[in-house]
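Remarks on the structure that follows.
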């Protein structure tokens with residue numbers, strides 16, 4: 070008799086997922102100290118899974134632990150932003166090359182169709198000024214290209230890069246016309262991919278990453294100024 074048994078997340082995993090999402094949504098104030106006991110009380114759990122989850126989040130760079138007191142939400146630094154975008158340039162550039170070079174494959178065709186659908190969704194979100202939804206689809210656009218590589222190591226690494234910058238990324242979409250500009254940049258990159266113009270597709274995506282990084286640096290500065 071064959072049965073599929075679903076793995077139930079442990080209490081520590083549930084606490085970790087909850088805290089990570091709260092950090093990504095900026096629900097923890099920067100600079101404010103949160104005790105394990107307070108978090109445990111809010112979630113209705115013991116302190117042990119909270120401590121374990123916080124240690125994992127510390128390892129991933131989301132929080133700073135203050136011994137015997139608790140933790141504070143950790144903002145991303147300028148250096149980390151630089152490093153994230155250098156890594157993104159390398160990963161996305163490789164994946165765009167693979168997508169263009171395998172243009173005739175059925176899988177590549179499915180990816181191009183998916184990218185068209187994402188862009189259509191972004192157009193609707195931009196028209197309705199739905200920043201959260203736009204950012205989600207913006208991330209999906211790039212992740213879709215990376216997923217095509219069928220390289221588990223690259224896919225997982227890329228996902229971790231997205232987590233690092235998502236806390237500040239939404240702030241960039243508050244800039245005037247940024248939704249429209251980002252949308253046009255995606256359209257241009259896909260246009261070159263469809264034409265099998267590798268260099269142009271790479272450079273288009275590179276310019277998009279540069280403009281996003283510049284806005285992220287500005288958003289970080291504003292965030293730090295408001296908390297100083």
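In our numbering, the protein residues as written are 70 to 297.
The beta-carbon is built from N, C-alpha and C at its ideal position, and this holds for glycine as well.
In this text, all values refer to a predicted model and were calculated from it rather than measured experimentally.
- A buried status is given to residue 84, since no fewer than 16 other beta-carbon atoms sit within 10 Å of its beta-carbon.
- Excluding its 5 nearest sequence neighbours in each direction, residue 244 has C-beta neighbours in its own chain below 7 Å: 284, listed in chain order.
- Annotation for residue 265: 169, 172 place their beta carbon closer than 8 Å to its own, counting only its chain and skipping 5 residues before and after.
- DSSP, reduced to helix, strand and coil, places residue 132 within a strand of the structure shown.
- Here DSSP, grouped into helix, strand and coil, assigns residue 162 to helix.
- As computed with DSSP, residue 259 is found in no beta bridge at all.
- In the DSSP secondary-structure assignment, residue 142 is bridged to 99, 132.
- Within the segment 203 to 283, not a single complete beta strand (DSSP E) segment reaches 3 residues in length.
- For residue 86, the enclosing alpha helix (DSSP H) covers residues 80 to 93.
- Pairing residue 141 with residue 135 gives a Cβ-Cβ distance under 8 Å.
- In the assembly as shown, residue 105 is a buried residue. Its beta-carbon has 16 or more other beta-carbons within 10 Å.
- Residue 221 and residue 206 have their alpha carbons spaced roughly 21 Å apart.
- In this structure residue 132 is not in contact with residue 119, their Cβ atoms being roughly 12 Å apart against a cut-off of 8 Å.
- DSSP, reduced to helix, strand and coil, places residue 173 outside both helices and strands of the structure shown, so it counts as coil.
- Counting C-beta atoms within 10 angstroms of its own C-beta, residue 191 has 16 or more neighbours from the protein chains shown and is therefore classed as buried.
- For residue 108, the uninterrupted alpha helix (DSSP H) segment begins and ends at 105 to 112.
- Burial is judged here by how many other beta carbons sit within 10 angstroms of a residue's own beta carbon; residue 271 has at least 16 and is buried.
- In this structure, the alpha-carbon of residue 198 lies about 10 Å from that of residue 247.
- If you check the CB distance, residue 163 and residue 278 do not come in under 8 Å.
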